[in-house]
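**Student:** Following this message is one structure expressed as structure tokens.
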Amino acid sequence: MSKRLMPSTTALQCFEAAARHLSFTRAAQELHLTQSAVSKQVAQLEDMLAHPLFQRIRRRLQLTPAGALYLTEVHKILTQIDISSRYILSYGDETEVLRIATQPTFGARWLVPRLKGFGDRHPRIHLDIRNELEPFDLVQAKADVAFFFGQGTWPGATCIELFSEAVVPVCAPTLLAQQRFASAGELAEHRLLQCASRPEAWHEWFLGLGLHSQNSYHGPRFDTFYLCIRAAIAGCGIALIPRYLVAEELAEGKLVVAWDHPLASNGRHFMAHAEHAAEVPKVRAFVEWIRERVAQAD
Numbered sequence: 001m002s003k004r005l006m007p008s009t010t011a012l013q014c015f016e017a018a019a020r021h022l023s024f025t026r027a028a029q030e031l032h033l034t035q036s037a038v039s040k041q042v043a044q045l046e047d048m049l050a051h052p053l054f055q056r057i058r059r060r061l062q063l064t065p066a067g068a069l070y071l072t073e074v075h076k077i078l079t080q081i082d083i084s085s086r087y088i089l090s091y092g093d094e095t096e097v098l099r100i101a102t103q104p105t106f107g108a109r110w111l112v113p114r115l116k117g118f119g120d121r122h123p124r125i126h127l128d129i130r131n132e133l134e135p136f137d138l139v140q141a142k143a144d145v146a147f148f149f150g151q152g153t154w155p156g157a158t159c160i161e162l163f164s165e166a167v168v169p170v171c172a173p174t175l176l177a178q179q180r181f182a183s184a185g186e187l188a189e190h191r192l193l194q195c196a197s198r199p200e201a202w203h204e205w206f207l208g209l210g211l212h213s214q215n216s217y218h219g220p221r222f223d224t225f226y227l228c229i230r231a232a233i234a235g236c237g238i239a240l241i242p243r244y245l246v247a248e249e250l251a252e253g254k255l256v257v258a259w260d261h262p263l264a265s266n267g268r269h270f271m272a273h274a275e276h277a278a279e280v281p282k283v284r285a286f287v288e289w290i291r292e293r294v295a296q297a298d
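Last residue of the sequence shown: 298 (UniProt numbering), numbering continuous.
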């Protein structure tokens, strides 16, 4: 294995501070070092990288193109070190961290409201909840528990079915006030808001009514249902949303159902954990908690 190129944290801090201030003197003051010490650390870093990071123009310090590129990466590294260090400081010796991965709108609208009381029952389990838009690695332990929508198959994982859903087309009340739809097909003549995670949604909804629309895939596309909901409230078009995600907006009158034809989604919501983690106490405790919340809803 080739030797790793590992500059010291001190060298990275000196470079980052000097790049931020464009001054070795001010960087030294911030880091409580001498100006020569900062200059020496940066020079050693330049030797290691075989690229100049700074240049002097009219006696002023400027980043080179390589320096500007390196600064972006160094900032990420130093920020991550700071976050990781503060992360450890926030836990006691008896605390266990349970890492949970969830899609953003599901997490905000369904999961978070059902976490109330978990900390009282399990004070030593700290929940670390992260939004994930892309497929995430459960088996390799980047998450202890994951929530996902699909068919309930995940290699190496135990998938626990939570509930099914039905989608409905919703829009701002002002849009419906301007025009009452005489048929479901007329919805296609308006702007259809698309959710990137469900590209087939509108096509399947029209198909469920025996309709074929040329505009099923056309319209502004959003990463999450939350953005689709906000766009619909703003009057940007008609969104096809799982009804449980817009129950609040429908009750408050911020959104209305454009055409009352709920369509069962081709999939269900699941909670999953690695097969080998079934008896891990923190995982078992959380799974039991969520099962109880689902049973109460039923």
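Each residue gets a CB set at the ideal place from its N, CA and C atoms; glycine is no exception.
1) Consult DSSP for Ala295 and reduce its assignment to one of helix, strand or coil.
2) Tell whether a beta-carbon distance below 9 Å holds between Leu255 and Ala172.
3) Using a 10 Å radius around the Cβ and a threshold of 16 neighbouring Cβ atoms, would you call Thr242 buried or exposed?
4) Name the two residues that bound the continuous alpha helix (DSSP H) containing Met48.
5) In angstroms, rounded to a whole number, what distance separates the CA positions of His187 and Arg4?
6) Give the range of the alpha helix (DSSP H) segment to which Gly119 is assigned.
7) Inspect the beta-carbon positions of Thr224 and Ala196 and report whether they are closer than 9 Å.
8) Would you give the residue range spanned by the alpha helix (DSSP H) that Leu53 belongs to?
9) Taking C-alpha atoms, which residue in Gln194, Leu78 and Ile100 lies nearest to Val170?
10) From what residue to what residue does the alpha helix (DSSP H) around Gly208 run?
11) Going by DSSP, which residues form a beta bridge with Pro262?
12) Compute the beta-carbon to beta-carbon distance between Thr105 and Tyr244, rounded to the nearest angstrom, for a pair I have assumed lies under 8 Å.
13) Rounded to whole angstroms, what's the CA-CA distance from Ile57 to Ile77? Just pull it up for me.
14) Assign Met1 to one of three DSSP states: helix, strand, or coil.
15) Throw me the rounded Cβ distance for the Leu63 and Leu71 pair, which I believe falls under 8 Å.
16) Taking the alpha helix (DSSP H) that Phe225 falls in, what are its first and last residues?
17) Given a threshold of 16 other Cβ atoms within 10 Å of its Cβ, counted over all protein chains shown, does Lys282 qualify as buried or as exposed?
18) For the stretch 146-161 against the stretch 178-186, do three or more pairs of beta-carbon atoms, one drawn from each stretch, fall closer than 8 Å, so that the two count as touching?
**Tutor:** Reading from the atomic positions:
1) Within the sequence shown, numbered from 1, the residue matching residue 295 stands at position 295. Helix.
2) Residue numbering aside, residue 255 sits at position 255 when the sequence shown is read from its first letter. Residue numbering aside, residue 172 sits at position 172 when the sequence shown is read from its first letter. Yes. Within cutoff.
3) Locating residue 242 in the sequence shown gives position 242, where the first residue counts as 1. Reading off the sequence shown, one finds Pro at residue 242, where the question assumed Thr. By the Cβ-count criterion, Pro242 is buried, with 16 or more other Cβ atoms from all chains shown falling within 10 Å of its own Cβ.
4) The sequence position of residue 48 within the sequence shown is 48, counting from 1. Residues Gln35 to Leu49.
5) As a first step, residue 187 is located in the sequence shown; it is residue number 187 there, counting from the start. As a first step, residue 4 is located in the sequence shown; it is residue number 4 there, counting from the start. Rather than His, the amino acid found at residue 187 in this sequence is Leu. Straight-line Cα distance between these residues: approximately 59 Å.
6) Taking the sequence shown and counting its residues from 1, one reaches residue 119 at position 119. First-last of the alpha helix (DSSP H) with Gly119: Phe118 to Arg121.
7) Reading the sequence shown from its first residue, position 224 is the one you call residue 224. Reading the sequence shown from its first residue, position 196 is the one you call residue 196. Yes, the pair counts as a contact, with Cβ atoms nearer than the cut-off.
8) Your numbering for residue 53 matches position 53 in the sequence shown. For Leu53, there is no enclosing alpha helix (DSSP H), since its DSSP letter is neither H nor E.
9) Start at 1 with the first residue of the sequence shown, and residue 170 comes out as number 170. For Val170, the nearest C-alpha among the options comes from Gln194.
10) Residue numbering aside, residue 208 sits at position 208 when the sequence shown is read from its first letter. Looking at the DSSP string, the run of the alpha helix (DSSP H) that includes Gly208 is Ala201 to Gly208.
11) Along the sequence shown, read from residue 1 onward, the residue named residue 262 stands at position 262. According to DSSP, residue pairing for Pro262 in a beta bridge does not occur.
12) Here residue 105 refers to the residue found at position 105 of the sequence shown. Here residue 244 refers to the residue found at position 244 of the sequence shown. Actually they are not in contact, since the Cβ atoms of Thr105 and Tyr244 sit about 10 Å apart, beyond 8 Å.
13) Counting from one through the sequence shown, the residue named residue 57 turns up at place 57. Counting from one through the sequence shown, the residue named residue 77 turns up at place 77. One C-alpha to the other measures close to 28 Å.
14) Within the sequence shown, numbered from 1, the residue matching residue 1 stands at position 1. The predicted model places Met1 with a pLDDT of 49, which falls under 50 and marks its position as unreliable; any figure quoted below should be read in that light. Coil, per DSSP.
15) Here residue 63 is taken as the residue at index 63 of the sequence shown, counted from 1. Here residue 71 is taken as the residue at index 71 of the sequence shown, counted from 1. Between Leu63 and Leu71 a beta carbon distance of about 7 Å is seen, short of the 8 Å cut, so the two are scored as contacting.
16) If you number the sequence shown from 1, residue 225 lands on position 225. Note, Phe225: alpha helix (DSSP H), Phe225 to Ile233.
17) For the purposes of this step, residue 282 is identified with residue 282 of the sequence shown, where counting begins at 1. By the 10 Å Cβ count, Lys282 comes out buried.
18) No, because fewer than three Cβ pairs between the stretch 146-161 and the stretch 178-186 fall closer than 8 Å, the two stretches do not touch.
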